[in-house]
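In terms of this note's numbering, the sequence shown is residues 765 to 947. From the three backbone atoms N, C-alpha and C, an ideal C-beta is built for every residue, glycine too. Predicted model, so just to flag it, every value in this text is computed and none were measured. Have a look at the structure below, then the notes.
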Amino acid sequence: MHVLIVFHSDYAHTQAVAEAIAAGAQAALTDADEAADIALKQAVDVHLDDMRSADVLIFGSPVHMGSMAWQMKQLIDSGSKLWMAGELEGKVGGVFATYGGYGGAGGGVEQTLVALHANFLEHGMLVCGFPRSLSGYAYAGLHWGLAVRTGNEEGMPDGVDDTALLAARAYGAHVLETALRLK
Ligand SMILES: Cc1cc2nc3c(=O)[nH]c(=O)nc-3n(C[C@H](O)[C@H](O)[C@H](O)COP(=O)(O)O)c2cc1C
C-alpha cells in the first residue's frame, strides 16, 4: 500500500496535521499487518509519477483567501495529464484543510475541502469524508473531511491543539482502513 500525503504549508500548521494523518495511517497499516510506504510531500515537490505510484492520495491545504492555496491548485492543474489517460481512476482519496477562522468561522474551509474532492472525483477516484463516529468529529470533522482551526479569537495563528491532532490521526486511519477494505 503506497500512501502519498500532499500539502502546502507556509507556517507549519498544515504540515503538523499532515504528520498526524500519516501517524494514523501508519497505525492502521500496522494493525492490518500491511507493508507501509507513507510519503509526505509539499505540493511544489510532487512529481506526477509520485501520484501515479500511490494507491492512496490525501491532499491538504491551508485556506487562502477563501479557497485552497495556489500551490495545491498548480499541482492539481498539472494532474490533467493523468486525467487524459485515467491514471488515477479507482485510487482512494482523502482531504483536509486548516483555517484561521476569521469571524468565528472558517471562511472558505468547506469550499477548500469540496474543491479538493472535486479534483479527485474528476479523476474517477473514490473519496472519503469524515464520518461522525471518528474521534474528534465534533471538533474538527466535517462530512467532507478534516477541518482544523488554527487561529485564535483575534484571528492570529494559535497552533494545532491535541484534539485536532487526535482527529487527524483518526482520519488517517479511516482513509487507510477504507483503502484496505477495497483492496
Ligand atoms: C494569505 C493567507 C490567506 C488566508 N486566508 C484565510 C481565509 O480566507 N480564511 C481562513 O479561515 N483563514 C485564512 N488564512 C489563515 C490560514 O488558513 C491558517 O493560518 C492556516 O492554518 C495556515 O496554515 P500553514 O501554517 O500550514 O501555512 C489565511 C492565511 C494566509 C497566509
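The shortest C-alpha to C-alpha distance from Leu906 to any of Gln835, His881 and Gly888 is the one to His881. In this structure, Pro826 lies away from Thr794, with their beta-carbon atoms at least 7 angstroms apart. In terms of side-chain proximity, the C-beta atom of Ala882 is found no nearer than 6 angstroms to any non-hydrogen atom of ligand 1. Between the region 831 to 841 and the region 894 to 901, the count of Cβ pairs shorter than 8 angstroms is below three; the stretches do not touch. For the region 863 to 941, the continuous alpha helix (DSSP H) assignments of 4+ residues that do not extend past its boundaries occur at 873 to 886 and 901 to 904, in sequence order.
At least one heavy atom of ligand 1 is found less than 6 angstroms from the C-beta of Ser773.
Gly909 has its Cβ no nearer than 6 angstroms to any heavy atom of ligand 1. If the five residues before and after Arg933 are omitted, its C-beta is found closer than 6 angstroms to the C-beta atoms of Ala784, Ala787 and Gly788, all from its own chain and listed in chain order.
The continuous stretches of alpha helix (DSSP H) do not include Val810, and DSSP gives it neither H nor E. With a beta-carbon spacing of about 7 angstroms, Asp819 and Val767 fall inside the 8 angstroms limit used to define contacts. Lys947 and His828 have their C-alpha atoms some 35 angstroms from each other.
Looking from the CA of Gly923, the closest CA among Ile769, Ala776 and Val770 belongs to Ala776. Looking from the CA of Glu874, the closest CA among Gly919, Val912 and Met889 belongs to Val912.
The beta-carbon distance between Val859 and Leu877, rounded to whole angstroms, is 5 angstroms. This is short enough to meet the 8 angstroms contact definition. A straight line joining the alpha-carbon of Met815 with that of Asp809 spans about 12 angstroms. When the beta-carbon positions are compared, Thr927 and Gly900 come within less than 7 angstroms of each other. For Ser844, the enclosing alpha helix (DSSP H) stretches over residues Ser844 to Met848.
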